[in-house]
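Notes to accompany the following structure.
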Amino acid sequence: MEISVIVPVYKVEKYLKQCVDSILNQTFPDFEVLLIDDGSPDSCPAMCDDYARKDPRIRVFHKENGGLSSARNKGIEESRGNWLCFVDSDDYLAEDMLENLYTAATANTADMAVCDFVKVDEESTHLQDSHTSDNGIITSDMFFR
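Printed below as a string of structure tokens:
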């Protein structure tokens, strides 16, 4: 297993389907998805369980609410991948994101890879771009400024 994608889940039933579907549709094939239900009081726990029944790449962990860091830490503890990818459950990924990050990290013998993002509103209207660097590579000096 190369990549463990960790998704903390809490009160995001409106966004969860788009998030998980975007992960499952990645061009990079060797990953698992860890859905960490952080005691969500809505339909998210059942949605997570439904996904896990349908796709063997998905594992679900239900825990008492402890906040975002606690959920991410649970994902780290349960991960099987050589690499970790953290995805917020109200976000969605470009279909080649994992492949591009993995390729960039391994080609540059990096310990970490980051990518740009596009901020959109509820209707997916483009609001803002981010840019990590001119060439897509961030050195430790650039990261820790």
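Residue numbers for the sequence shown follow numbering that gives the first Met the number 0, so the first one is 0 and each next one is one higher.
The beta carbon of each residue, even a glycine, is placed where N, CA and C say it ideally should be.
Tell me residue i's beta-bridge partners as DSSP assigns them.
| i | result |
| --- | --- |
| Val169 | There is no way to answer for residue 169, as the model of the chain reaches only from 0 to 144. |
| Ile22 | According to DSSP, Ile22 bridges with nothing at all. |
| Glu31 | Ser3 |
Identify whether residue i lies in helix, strand or coil by the three-state DSSP scheme.
| i | result |
| --- | --- |
| Val6 | strand |
| Leu92 | coil |
| Glu63 | coil |
| Asp140 | helix |
| Asp36 | strand |
| Asp110 | coil |
| Asp48 | helix |
How far does the alpha helix (DSSP H) with residue i in it extend, from its first residue to its last?
| i | result |
| --- | --- |
| Leu67 | Leu67 to Glu77 |
| Arg56 | Note, Arg56: premise wrong, no alpha helix (DSSP H); not H, not E. |
Assign residue i to one of two classes, buried (16 or more other C-beta atoms within 10 Å of its C-beta) or exposed (fewer than that).
| i | result |
| --- | --- |
| Pro150 | Outside the displayed span of the chain (0 to 144) sits residue 150, for which this structure offers no information. |
| Glu94 | exposed |
| Asp133 | Interpretation of Asp133 is limited by its pLDDT of 48, a score under 50 that renders its predicted location unreliable; the figure taken from the coordinates is listed afterwards. Asp133 comes out exposed. |
| Leu67 | exposed |
| Val119 | exposed |
At what residues does the beta strand (DSSP E) containing residue i begin and finish?
| i | result |
| --- | --- |
| Phe85 | Trp82 to Phe85 |
If we count Cβ pairs, one from each stretch, closer than 8 Å, do we get three or more for the stretch 42-58 versus the stretch 22-32?
yes
Does the structure place the stretch 105-114 close enough to the stretch 34-44 that three or more beta carbon pairs sit under 8 Å?
no
Inspect the CB distances between the stretch 15-23 and the stretch 43-54 and report whether three or more fall short of 8 Å.
yes
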